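Inspection log for the structure reproduced underneath, given as C-alpha cells.
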Amino acid sequence: MAGNALRKKDAWWSVPPPSLLAEFGSNERDGLSADGVSKSRERFGANTIDEVKPTSAFKLVLDGIREPMMLVLLAIAVLSFVFGKTNEAIVMVFVVAAYIAVEFVNKYRTDRTMAALRQLTSPTTKAIRDGQAQEIPTTDVVVGDVLVLTEGVRVPADGRLLEAYGLVVNEAALTGESLPVEKDAKTIVSADAPLAERKNSVFSGTVVMSGEGKALACAVGRESEFGETAHEVAVAAKEKTLLQETMTRLAKVLAIFALAVSALIPAVGFLRGLNLQEMIVTWLALTFLMIPGQPPIIITMALALASFRLANIKLVVKRLRGVEVLAQITAVVTDKTGTITENRMRVETFILLNGEERTPASLSADNKRAILLALPMYSNDPTDLAVRSVVQDSIDVPRQASFSGFGEDRPLRIIGYDIGGKRLGYAAGKAERLIESVSDSSRKERLRRALEVKVGEGKRVVAYGQLQNSDDPNKAELLALAVLSDPVRQGVAQTITELEAAKVETIMVTGDHPATAATIAREIGLDAEVLTGGNLENMSESELESALEKTKAFARISPAQKLRLVQALRQEGQIVAVIGDGINDAPALKAADVGIAMGEIGADLAKETADLVLTDDNYTHVADAIGVARSALDNFRKGLTYYLTAKGILLAIFLVPLALGVPFPFAPIHIILTELLMDLASSTIFVTEAAEPDVMKKRAPRLDEFLGRELVFEIIRNGAALAVGITALYLSIYFQTGDLVLAQTAAFVTWLLGHIALALNLKQEKLSLFKQGLFSNRFGASWLVGMIIFSVAITSTPTLNIYFKTAALGPDLWIAIIAVTILTTFWIEVAKVVKGEQSASDQPYSSVRGRKGVAWAVLAALLTISFGVILIGYGPKFFGSQETEPSSIEKPTPAPTQQVTPAPPPATLTVRKGVGSTIEKQTQTETGEREAKTVGEGPHAYARISLPNGVELDVSSAGVERKLLAFLESTPKSAAKIVWFDFDRVSFGKGKKAPQMSSREQLQNIARILSAYAEVKVVIGGHTDSLGNAIANKRLSKARADIVTRELTQMGVAPSRLEAKGYGEDRPIAGNDTEEGRAKNRRISLGVIRE
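Just so we're aligned: the sequence shown equals residues 1 to 1091 in the UniProt record's numbering.
Have a look at this one:
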C-alpha cells in the first residue's frame, strides 16, 4: 500500500485495522493530529466531488445576450442602422447593454445569495482528532480520520470499521437494497468481495439507522464509492418550485398571445397606410414589449431574498420550494424537546428502587456506574448528555459487546458488556415499562405515584435498569429513575397566539409521558387534553379527523403514528409543516408539505429530508419565518399584478389609436424603454417591499389564488384609468396640434411617471401611501426621483430629443401630464380607505372584492374620460391659439424630385421654367457674378442650385432658398447682424403646432444649405396674427418654432447652431384687419447670423 495514494485496488476493506492505522499515521484512541490532517489532505486529497459553483459573470452576460428578448432588441438595432436611423440604433445598443446589465445584476445577486445559503447548510460530522471528538465540516474529513458513527448520521467517507455496536446502515443509495445492513467490525472480508458483502466497512452517502461505532476513513472525495458514482452522474440540476414552473408556463402561454398581437398591430397599421419600415421596427419592439419574461425572474428573486432573510432568523433554506409552501401552511406539527422547551436538559434528582430521592451528587458510585453503562458512548441526545454529565466521574467504561437501540417494537435501549466472564446488559427507556419489572407491589405503587407527581410538574422521567446474562428487555430490572427538567422557551406562548391569529394551528407531538405533555400544553396556551399513541391505535380515520379538531397535544407517539397524524391533517386540506429531529422523523418530514429539521439536535437524515433547517431549534422563530415567507409571496403576487397590469395598459394604449387610424402613441425606442423600466420596477420595488401590516392576521394564500379571475379583475381595476388617461392625453395633443412627436413625448412621459405612481400605490394593498410615506421603500423613492430626472432630461435637452425621439414640453403640458398621473392612480388610494373600513375577509382574494375593485376602476375611468373630453374640447386654450384659418401662404408648384449628386465648387446655378422647360447651365465667374439664361419668367420657375459641398437642390426661383443662398454668397463672414427670411412653403393647420407634410421639402433644403455653410447660426422665429389670446398666440408661435428647430436638427443641423423664439403677434409684416394681412403674419422666419 505504500505510495502517494491509496486506491481501491489496494482493497483496504480486506486489510486489518492496525495495518491501516499505521499506513495513515493515525491512532484509534486519539485519531489524527493537526499535522497529520494536513499531510493526509496533501497525500490523498480533499473530501469533495464536484462543487456546485455559482455561474460566472461572463456566462451570465453571455446567457443574457442569448435570451430571445435580447435577440429581438439586437435585430431592432440592426434594422435601424439599415433604415438609416443611426441615432435610434445607437440608443438601442445602449438599451441592450442596460437590459443585459439589469438581468446580470439580478441573476448574479440571486446566484450569490443561494451560494451563501448552501454554505449555511453544509453538513458536519464527528471525528476524533488530537484525542478529542470534534464536530467538523464533512468536506474537511481526510483519510486516516477516526469517524464517530451514531444513529441518524450520514457517513462522510468510505471507512473500515474499528468498533460496531448494533450498527445498522441503510446502503440503498449505493446498492439499491432497501433493507438496512447490519455491520460487524470483526468480519474478515476478501479483497474481491463485492460492495454489498463488505460487512466490516461503511461507505460515503449511507445512513446509520441504529447503533453506534467508529470507522477509519480510507477513501474520500472522488475515490469513495459515492464520489465515483456522483462524478459520473454529474452535478444535480437545480430544481424549480411550483410557482417557478407555473410562471414559466404562464410566460410561454402569454408569449404566444403576445407574438400574435405584436404582429397584428403593425400589420393593421401598414394596411392603413403607415410607413413599412416604421411598422417593421414597431413590430419587433412590440414583440419585445409583449413577451412576459419577467414573472419567473420576480418569483426567483422574491424566494431568494426571503431565503436570505430567513437565514437571519435562524431558518436555513435547503430548497426554495420550502419558502413557497411555508407561506401557505395552516398547521405546524412540532416536537416538544428543544423546540417548545429550551433544550437545556438538567438532572434534578434520581429516584431509587425504594422510592428514595437522591441528588446527583449523593448518588452512589455503583448506581452512577450502572447508569453510565446504559448510555451510548457517542450519543448526541440531550437526555443522554445531561445524565452522562452527572454520572461520569472518571469511571472507566469497558468496550461494548452488544447494542440494541430504540425501535417501533423496542421501548428499551440495551447495551451489553462482557464483564468477568458474564454478559451484563444495561437498559434505558420508558419509566412505565421498567416500573412494571418491580416485583414488590408497595415499591411499585410508590414509584408510580412518584412518576405521576414528576410528570405532572412537566418533568421528563427516564428509567435505567440492568439485565443478568441476557439481552431480553423483558428481564430488565429497574435501578433508578432520572428526573430531568427542560423549561419552556420564553416567548413560545406568544408565538402560538400569533400563529392562531394567522390561522395556523400548533400541534405538539412528543414521546414523553401524557402528564408531562399536558403540563407543557397548558403552559404554552394549548388545550391540555392529550391523546396517546395507544388512543390513536384504536381510532378510525373519521374518529382521528374529529379528534384533530380539538386535540392539540399528543404523547407517547411513535414515528409511524406521527406520520399518520400528518397524513390525516393533509386529508383535511391542511397545508402541514413538520418539525422533527430524529432519523425516525424522516417519514413525517417527507410526507409533510414542508419539512423543518432541528439544526442542533437533528440527525443528518432529518436535515437532508427537510426543506428547511431551524438552526437553533427555537419554535419562536416559526412565526417570524412564516411572516417572511408570506410577505415574499404577497410581494410576488403584487409584483405580478403590477407587471401584467402594465402590459395590459400598454396594449390598450396601442389598440385605441389603431382603431382610430392615427399613428401609434409610442415610438419604437419608447416601447423598448417602457419594458426595461417596467421590469426594473417590478423586480426591485415589489421584491424589496416591507410586509403588509396584516400579513399575519389572515389565512395564508393558496397557490391557486395567484392566477384566475381575481387576477384579471385586479388588472382591469388597476390599469383602466391610467390607460384611458394616457390615451386621452395623447389623442388630445395630437388632434389639437398635429405634432406627432410632441404627442408621443407627452404620452411617454406620462407613462414614465404613471407606471411609478401605479407601483407606489400597489406595493401596499391596504396601507395608504400617505401612512407609509413616499420614501418608505427606498427603491421606489429612488425610482420615482430617477424617472422625474430622466423625463426632464429627455424633454429639455436638444441632443437627447434627437436620440429619444422626444420634444420639449411647456409648463402647460407638464401640468396636464402630472394631472393625468395623479388622477389615474390616486383613486387606488381612495379605494384603500374604503376597503379599510370593511372588516378583514377570511377570503383575501375573493371575486366579490375583485368586482368591487372593477367598479371603482370604471368610476375612475369615467372621470378620466371626462378629463380627456375636456382636454379635446378646450385643448386650444391649453395647447394653441384661436386661429380661424390655416396658417399658410400660397405655395408654388411642387419642385421636381431632389437629386443629390456630388459636384465640385464653386457654386453653379441652373434655371428652368415650369415643368418640361429646357435646362441651361451657367458657370459662375471667378468674381462671383452669374449669367442666367432662362426661358420665360414667373413665380413657377425652378432653379437647380449646386452648393459648395457638392450637393444640388431644385428650388423655386423666387423662393427663400434662392434668397438665403444669395445672401450667404454675398455677405462677408464677419457680418454679425441678424437678417430675417420668411419661409414661403412651410404651412400649418388651424391652431396646429406641427408643420404640414408639404413643408418638409423646404425644411430639407434649408437644412442642406445650412450644412454647407457651417459658420452660420440661425434663429427660428414663430409668428401669429392678432386674433385670440396674446399669451396663447405667443405660446403657439414658440411651439411652432421649437418643432421647426427640432425638424432641422433631425435633418443634420447641429443643435448648437439653432435657437427657437416665439414672437406671437408682436412683429406683424401686414395689417391684421384683413384676412390677407393676417395670413402674411402667420409665418415662420429664419434669422441668419454670420460669424
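We put the CB at the ideal spot given by N, CA and C, even for glycine. It should be emphasised that the depicted structure is a prediction, and the values quoted were computed from it without experimental measurement.
Residue interval of the beta strand (DSSP E) (run including residue i)
i      : result
Thr125 : 124-129
Ala370 : Per DSSP, Ala370 belongs to no beta strand (DSSP E); it is in the alpha helix (DSSP H), 365-373.
Trp783 : Trp783 -> not in any beta strand (DSSP E); alpha helix (DSSP H) instead, spanning 778-796.
Gln132 : 132-137
Ser946 : 942-946
Phe664 : Taken as a continuous stretch (DSSP letters only), Phe664 belongs to no beta strand (DSSP E), as it is neither H nor E.
Buried or exposed by the 16-neighbour rule on C-beta atoms within 10 Å, applied to residue i
i       : result
Pro514  : buried
Val155  : buried
Leu1036 : buried
Gly950  : exposed
Arg564  : buried
Glu890  : Because Glu890 carries a pLDDT of 36, less than 50, the predicted location of this residue cannot be relied on, and no value is offered for it.
Pro18   : exposed
Ser987  : buried
Trp980  : exposed
Asn312  : exposed
Glu572  : exposed
Leu179  : exposed
Val140  : Checking the sequence shown, residue 140 turns out to be Asp, not Val. The residue is buried, with at least 16 neighbouring Cβ atoms inside 10 Å.
Where residue i sits in the DSSP three-state scheme
i       : result
His513  : coil
Gln466  : strand
Gln400  : coil
Ile256  : helix
Ser442  : helix
Val37   : helix
Asp158  : strand
Tyr1013 : coil
Val168  : strand
Val695  : coil
Phe770  : helix
N- and C-terminal bounds of the alpha helix (DSSP H) containing residue i
i            : result
Lys1061      : No alpha helix (DSSP H) contains Lys1061, which is instead part of the beta strand (DSSP E) from 1058-1064.
Asp1042      : 1030-1050
Leu563       : 559-571
Trp980       : Looking at the DSSP string, Trp980 is not in any alpha helix (DSSP H); the run it does join, the beta strand (DSSP E), is 979-982.
Tyr643       : 620-660
Ala588       : 586-591
residue 1121 : Past the boundaries of the shown model lies residue 1121; the chain is included only from 1 to 1091, so the question cannot be answered.
Residue i versus residue j - alpha carbon distance
i            : j       : result
Gly959       : Lys993  : 23 Å
residue 1093 : Ala816  : The requested residue 1093 does not occur in the structure, where the chain is confined to residues 1 to 1091.
Glu232       : Phe226  : Legend: pLDDT at Glu232 = 41, less than 50; position of this residue unreliable, no value from coordinates given.
Ser776       : Leu758  : 15 Å
Ala797       : Pro1055 : This sequence places Thr at residue 797; Ala is not what is there. If you take the alpha carbons of Thr797 and Pro1055, they lie about 10 Å apart.
Gly1071      : Arg1083 : 14 Å
Ala1032      : Ala807  : 19 Å
Thr519       : Val509  : 13 Å
Ile575       : Gly810  : 58 Å
Pro295       : Leu640  : 6 Å
Leu660       : Gln736  : 15 Å
Val1019      : Ile299  : 55 Å
Glu710       : Lys697  : 21 Å
Val316       : Arg570  : 24 Å
Arg630       : Ala691  : 8 Å
Ser957       : Ile945  : 10 Å
Leu722       : Gly1064 : 35 Å
Gly534       : Asn761  : 56 Å
Segment contact, 8 Å Cβ cut-off, at least three pairs: the stretch 190-203 with the stretch 149-169: yes
Touch test, the stretch 722-736 against the stretch 599-611, Cβ-Cβ under 8 Å, three pairs minimum: no
The stretch 542-556 contacting the stretch 612-629, beta-carbon criterion three pairs below 8 Å: no
Contact between the stretch 388-398 and the stretch 361-368 (3+ Cβ pairs under 8 Å): yes
The stretch 187-197 contacting the stretch 370-383, beta-carbon criterion three pairs below 8 Å: no
Three or more C-beta pairs below 8 Å linking the stretch 620-635 and the stretch 643-661: no
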